[in-house]
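K.L.:
Taken in order, these protein sequences are the chains called R and B.
Numbering-wise, the first sequence is residues 1 to 257 according to our numbering.
Numbering-wise, the second sequence is residues 1 to 257 according to our numbering.
By construction, the Cβ of each residue, glycine as well, lies at the ideal position given by its N, Cα and C atoms.
These numbers come from a predicted model, not from an experiment.
Number of protein chains: 2
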Amino acid sequence: MTKSEAINALIHEGRNWFLPSLSVDCVIFGFHDNQLKVLLLKHRYLNIWSLPGGFIYKDEPVDAAAHRVLKERTGLNEIFLHQFHVFGDPDRYDKEFHRNDLKRDGIELNDEHWILQRFVTIGYYSLVEFSKVTPAPDTLSEKCMWWEIHKTPALMIDHRKIIDKALDTLRIQLSYQPVGYKLLPEKFTMPELQRLYETILDKKLDRRNFQRKILSFQILRRLTETKKGVAHKAPYLFSFNLKKYHKALRQGLGGGW
Amino acid sequence: MTKSEAINALIHEGRNWFLPSLSVDCVIFGFHDNQLKVLLLKHRYLNIWSLPGGFIYKDEPVDAAAHRVLKERTGLNEIFLHQFHVFGDPDRYDKEFHRNDLKRDGIELNDEHWILQRFVTIGYYSLVEFSKVTPAPDTLSEKCMWWEIHKTPALMIDHRKIIDKALDTLRIQLSYQPVGYKLLPEKFTMPELQRLYETILDKKLDRRNFQRKILSFQILRRLTETKKGVAHKAPYLFSFNLKKYHKALRQGLGGGW
DNA sequence: ATTCATTGCGTCATTATGACGCAATGTAAT
DNA sequence: ATTACATTGCGTCATAATGACGCAATGAAT
Chain R
1 MTKSEAINAL
11 IHEGRNWFLP
21 SLSVDCVIFG
31 FHDNQLKVLL
41 LKHRYLNIWS
51 LPGGFIYKDE
61 PVDAAAHRVL
71 KERTGLNEIF
81 LHQFHVFGDP
91 DRYDKEFHRN
101 DLKRDGIELN
111 DEHWILQRFV
121 TIGYYSLVEF
131 SKVTPAPDTL
141 SEKCMWWEIH
151 KTPALMIDHR
161 KIIDKALDTL
171 RIQLSYQPVG
181 YKLLPEKFTM
191 PELQRLYETI
201 LDKKLDRRNF
211 QRKILSFQIL
221 RRLTETKKGV
231 AHKAPYLFSF
241 NLKKYHKALR
251 QGLGGGW
Chain B
1 MTKSEAINAL
11 IHEGRNWFLP
21 SLSVDCVIFG
31 FHDNQLKVLL
41 LKHRYLNIWS
51 LPGGFIYKDE
61 PVDAAAHRVL
71 KERTGLNEIF
81 LHQFHVFGDP
91 DRYDKEFHRN
101 DLKRDGIELN
111 DEHWILQRFV
121 TIGYYSLVEF
131 SKVTPAPDTL
141 SEKCMWWEIH
151 KTPALMIDHR
161 KIIDKALDTL
171 RIQLSYQPVG
181 YKLLPEKFTM
191 PELQRLYETI
201 LDKKLDRRNF
211 QRKILSFQIL
221 RRLTETKKGV
231 AHKAPYLFSF
241 NLKKYHKALR
251 QGLGGGW
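1) So which residues of chain R does Val62(B) contact, with C-beta pairs closer than 7 Å?
2) What do you reckon, are the CB atoms on Ile7(R) and Thr224(R) nearer than 7 Å?
3) For Pro20(R), collect the residues of the same chain with a Cβ closer than 8 Å to its Cβ; drop the 5 residues on either side in sequence, then sort them by chain order.
4) Check whether the stretch 36 to 53 of chain B touches the stretch 147 to 166 of chain B, taking contact to mean three or more Cβ pairs, one atom from each stretch, closer than 8 Å.
5) Starting from the beta carbon of Pro20(R), find every residue of chain B whose beta carbon is closer than 7 Å, and list them in chain order.
6) Decide if His85(B) is buried, meaning its Cβ has at least 16 other Cβ atoms within 10 Å, or exposed.
7) Quick one: what's Trp114(B) bridged to in DSSP?
8) What would DSSP say about Tyr245(R), mapped onto helix, strand or coil?
9) Measure the CB-CB distance between Phe31(R) and Leu183(R) and report whether it falls below 7 Å.
10) What's the C-alpha gap between Glu108(R) and Thr121(R)?
11) Quick check on Glu13(B): buried or exposed, where buried means 16 or more other Cβ atoms within 10 Å of its Cβ?
12) What residues from chain R crowd round Gly54(B), counting only those whose CB sits closer than 9 Å?
13) Should Ala271(R) and Val27(R) be called a contact, given that it needs their Cβ atoms to be closer than 7 Å?
14) Of the residues that make up the stretch 147 to 179 of chain B, which ones have a beta carbon closer than 7 Å to any beta carbon in chain R?
15) When Cβ atoms are compared, which residues of the stretch 189 to 205 of chain B fall closer than 8 Å to chain R?
16) Based on DSSP bridge pairs, tell me the residues matched to Val120(B).
17) Kindly list, in the order they appear in chain R, the residues whose Cβ is closer than 7 Å to that of Gly255(B).
18) If you count every other CB in all the chains shown that lies within 10 Å of the CB of Lys258(B), and 16 or more means buried, which is it?
19) Hey, would you say Leu170(B) sits closer than 7 Å to Gly180(B), going by beta carbons?
20) Please classify Gly123(R) as buried or exposed, where buried requires at least 16 neighbouring CB atoms within 10 angstroms.
21) Consult DSSP for Trp17(R) and reduce its assignment to one of helix, strand or coil.
22) Leaving out five residues on either side along the sequence, give the residues of the same chain with a beta carbon under 6 Å from the beta carbon of Val133(R).
23) Would you grab the beta carbon distance between Ala248(R) and Phe217(R) for me? Rounded to a whole angstrom, and I think it's under 8 Å.
24) Give me, in chain order, the residues of the same chain whose beta-carbon lies closer than 7 Å to that of Gln35(B); leave out the 5 immediate sequence neighbours on both sides.
25) Is there a Cβ of chain B sitting closer than 7 Å to that of Gln218(R), yes or no?
26) Can you check the stretch 39 to 104 of chain B for any alpha helix (DSSP H) of at least 4 residues that lies completely inside it and give the ranges in chain order?
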């Protein structure tokens, strides 16, 4: 099936395949070059970008739809994919935008067409290992690539708001659960982990206190190897103790009451 | 409009009024007799209960729909109404249940009827002041009343799961934000506040340490009055310092990083 | 007047936190 | 080869937060 055939099928058959009114959008976070990034899709014609998203098949669990989108755009089957908020204002959907957009493909739709109706979208965020991702555009886009979280290009409708809300949620999550597994490679250094935390929190942390605290959670295993090829003292490598990491995910990191 | 007219209108006109596939359900928490309670609706014929819920008008923000449900069931315009999770498994809706249910009213529907389709529901939870609530059943129920959170009767489909998830979320919220305003009356005692925390956390707390910690947040104002009519030493009354309370809501209670 | 559950206010040992010092390491510059 | 320098590992110290518990005061019920 060519791309334009795929678009045609979506437009004409979509209403039979998908739940009406509903979509999912995924904020896919990756960490690279000491920067937190998000995966975005570029519109076919316009210089506008959007979050990876999709519709929900009529008999598909909502979570499964999000996993499917994630899989299609990254090639990954991530465990960490959290639903975090629903965006449901009536004005978050721009009917004319999509109508004009499809007109470029010679597709003329009237007001009642399913794809021009109001959509409520369910936001998910995922933490993935940057190096393992193979970004793949969907039928309706021409490119798929990573962007630094604070330097994203112009985004469709409320997608910037969705990213910000995902970041807020991730920040809160950080205060009661460990984060890092799947965002960092298998082996990483303490400064790398710290940089991740600093990026998410948008705040500098004391190197020594950070190390003391993160080690006290007992979720790390220090390896005997050190990082090679750095222009200074070689730091130790660490990896997550997955057993304790997941235990901490379930039980929280203490704190609070 | 009588009740059965209202049902008829909903059944026959609903598809023109509401977004398809979507509903909202509210877990409305109240605190009374040192117990955390939820507001539930009783089915018209069966001895089965459900959460207050409703559909979303085609041009209505999703949050507004939740507020509307809250207002209709309690008479209150609460500020605290948080969206916490979407429940979207295909099997969470029981088509035959509703078909048989409506048959009792002489309404026969075929498979394609909008109200028998799969619904994805958006869960909200609200904290309200027990004494100010006037429980009111909706068109599809016969009674509306409070139930102790851990002693609820048989609930429709996944509604028990929704309550549990709301409690989980409330517990997490408790660890980084203050809770209590709107769940307690204007003036309350320290033991009452503690009982609220203990109920939510399902855990005993030390009386003296609890007081020290909660006071350290500076969100309380101690009044000169004491509680009257208790069979022992009269405890002081407190009220929330709303300015600082809301500041703490925004900024969090410290903790974490 | 006495009893007794409960309250207000405190102590004390332990642990967590924030701020910072210093020697060791290993590449890069001289 | 020697030195410079950014960065790391490991530590200290003062202060704040936490958990466990003591004790006298209160006030309705006996």
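P.N.:
Quick look at the numbers:
1) By Cβ distance, chain R contributes Val86, Gly88, Val120.
2) no
3) Trp114, Gln117
4) yes
5) Pro20, Ser21
6) buried
7) None; Trp114(B) has no bridge partner.
8) helix
9) Cβ distance < 7 Å, so Phe31(R) and Leu183(R) count as in contact.
10) 24 Å
11) exposed
12) Residues of chain R passing the Cβ test: none, with the nearest at roughly 14 Å.
13) There is no way to answer for residue 271(R), as the model of chain R reaches only from 1 to 257.
14) Ile172, Leu174, Ser175, Tyr176
15) Of all residues in the stretch 189 to 205 of chain B, only Tyr197, Leu201, Lys203, Leu205 place a beta-carbon less than 8 Å from a beta-carbon of chain R.
16) Leu22(B)
17) Ser175, Gly255, Gly256
18) The structure shown does not extend to residue 258(B), since chain B spans only 1 to 257, so no value can be given for it.
19) no
20) buried
21) The answer is helix: DSSP assigns Trp17(R) an H, G or I state.
22) Thr74
23) 6 Å
24) Glu148, Thr199
25) no
26) 62 to 74, 95 to 103
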